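Working notes, beginning with the structure itself.
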Amino acid sequence: MDTKKKLCKIGEKMKEAGLVAACDGNISFRNPNGTIVITPSGLPKGELKPSQLLVMDINGKVIKGEGKPSSETPLHLEIYKARPDVNAIIHAHPIVATAVTVAGLAFPSTIVTEGAIVLGKSVPTVPYAAPGSAELAKACAEYAKKVNVFLMERHGATALGKDLKEALYRMETLEAVAKVYRASLAFAVNSRALQDISRSQELASFFLR
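Using the numbering used here, you'd call the opening residue of the sequence shown number 56 and step up by one each time.
Given below as structure tokens:
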């Protein structure tokens, strides 16, 4: 399967997993020749066709394709410039993870071991800036220099990877951990539950040594 078809398949998986709704989200990958393939604006990610994807250079000049590139194109380009090792970027709106930012809570990536292993020691939240703005793009690129997954205040999350599969894996794990966190808050009404959470964090820290 060529990479454009893989990207469309990723879009289908994101829709099925509830990571995006309607025309939310955007996906891109970097070709070996340095060009960027990105999703168009205004189309559902679960219904994309390879012919609808746009190809551009690292400065955003469209080389191939019709239509308007994603409104978050600046975010993708700034991250690619900041991270030569990254070849795929997924921006989505996972409901529970996004709700964590709405509530003003810090995301506890190490609450379970899979979170610690896949997401790292922390998943920071980028302060709010207008979607599609240069301000948001530059802020996200700065965070991307230190982490592979970050939340965006009231605006979803972004996951990076060496390829599309890794980026999706990180996004899926982010939402899975967020759901565990939500459940733990509901159950943590007694000391036993709080102790269990503490033990999970200690175990997760072991894997990050």
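Think of the CB as a built atom: it goes at the ideal place given N, C-alpha and C, for glycine as much as any other residue.
Note that the structure is a prediction, hence the values are computed from the model and not measured.
Within 8 angstroms, strictly: CB atoms of Leu132 and Ile118: Walking along the sequence shown from the start, residue 132 turns up at place 77. Walking along the sequence shown from the start, residue 118 turns up at place 63. Contact: no.
Proximal residues to Gly170 (C-beta, below 6 angstroms), its chain only, five neighbours per side dropped: By 1-based counting over the sequence shown, the position of residue 170 is 115. Taken in chain order, the residues that qualify are Ser164 and Val232.
Contact check, Pro124 vs Ile93, beta carbons under 8 angstroms: What you label residue 124 is simply residue 69 of the sequence shown in a count that begins at 1. What you label residue 93 is simply residue 38 of the sequence shown in a count that begins at 1. Closer than 8 angstroms, so yes.
CB of His146 within 8 angstroms of CB of Tyr183, strictly: As a first step, residue 146 must be located in the sequence shown, where it is residue number 91. As a first step, residue 183 must be located in the sequence shown, where it is residue number 128. Cβ distance not < 8 angstroms, so His146 and Tyr183 don't count as in contact.
For Ile113, the three-state DSSP class (helix, strand or coil): For the purposes of this step, residue 113 is identified with residue 58 of the sequence shown, where counting begins at 1. Ile113: coil per DSSP, three-state reduction.
Cβ contact check for the stretch 172–187 and the stretch 206–225: 3 or more pairs under 8 angstroms: yes
Three-state secondary structure (DSSP) of Ala171: In the sequence shown, counting from the first residue as 1, residue 171 sits at position 116. Three-state DSSP puts Ala171 in a helix.
Selected residue, minimal CA-CA separation from Ala121, among Ala238, Leu215 and Gln107: For the purposes of this step, residue 121 is taken as residue 66 along the sequence shown, with counting starting at 1. For clarity, residue 121 is Glu in the given sequence; the question names Ala instead. Per the Cα distances, Gln107.
Identity of the residues DSSP links to Thr213 by a beta bridge: Numbered from its first residue, the sequence shown carries residue 213 at position 158. Partner(s): His146 and Phe205.
Counted within 10 angstroms of its Cβ, other Cβ atoms place Leu240 as buried (16 or more) or exposed: Along the sequence shown, read from residue 1 onward, the residue named residue 240 stands at position 185. Exposed, because fewer than 16 other Cβ atoms sit within 10 Å of the Cβ of Leu240.
Proximity of Thr153 and Ala238 at Cβ, strictly below 8 angstroms: If you number the sequence shown from 1, residue 153 lands on position 98. If you number the sequence shown from 1, residue 238 lands on position 183. The answer is no: Cβ separation not under 8 angstroms.
Cβ-Cβ distance between Leu229 and Ile65 below 8 angstroms: As a first step, residue 229 must be located in the sequence shown, where it is residue number 174. As a first step, residue 65 must be located in the sequence shown, where it is residue number 10. No, Cβ-Cβ distance for Leu229 and Ile65 is not below 8 angstroms.
Residue span of the beta strand (DSSP E) that contains Ile82, given as start and end: As a working mapping, residue 82 is identified with position 27 in the sequence shown. From DSSP, the beta strand (DSSP E) with Ile82 extends over Asn81 to Arg85.
Sequence-distant residues of the same chain with beta carbon closer than 8 angstroms to Glu190, five excluded per side: In the sequence shown, the residue the question calls residue 190 occupies position 135. Correct list, in chain order: Ala184.
Cβ neighbours of Leu103 in the same chain (closer than 6 angstroms, five flanking residues each side left out): Reading the sequence shown from its first residue, position 48 is the one you call residue 103. Same-chain partners within the cutoff: Cys63 and Gly66.
Inter-residue Cα distance where the pair is Lys234 and Glu221: What you label residue 234 is simply residue 179 of the sequence shown in a count that begins at 1. What you label residue 221 is simply residue 166 of the sequence shown in a count that begins at 1. When rounded, the distance between both Cα atoms is 20 angstroms.
Beta-carbon proximity of Ala196 to Ala143, cut-off 8 angstroms: In the sequence shown, the residue the question calls residue 196 occupies position 141. In the sequence shown, the residue the question calls residue 143 occupies position 88. Against a cut-off of 8 angstroms, the Cβ pair of Ala143 and Ala196 comes out as no contact.
CA nearest to the CA of Leu98, picked from Val167, Asp79, Met111 and Ala72: Walking along the sequence shown from the start, residue 98 turns up at place 43. The shortest C-alpha separation from Leu98 is found at Asp79.
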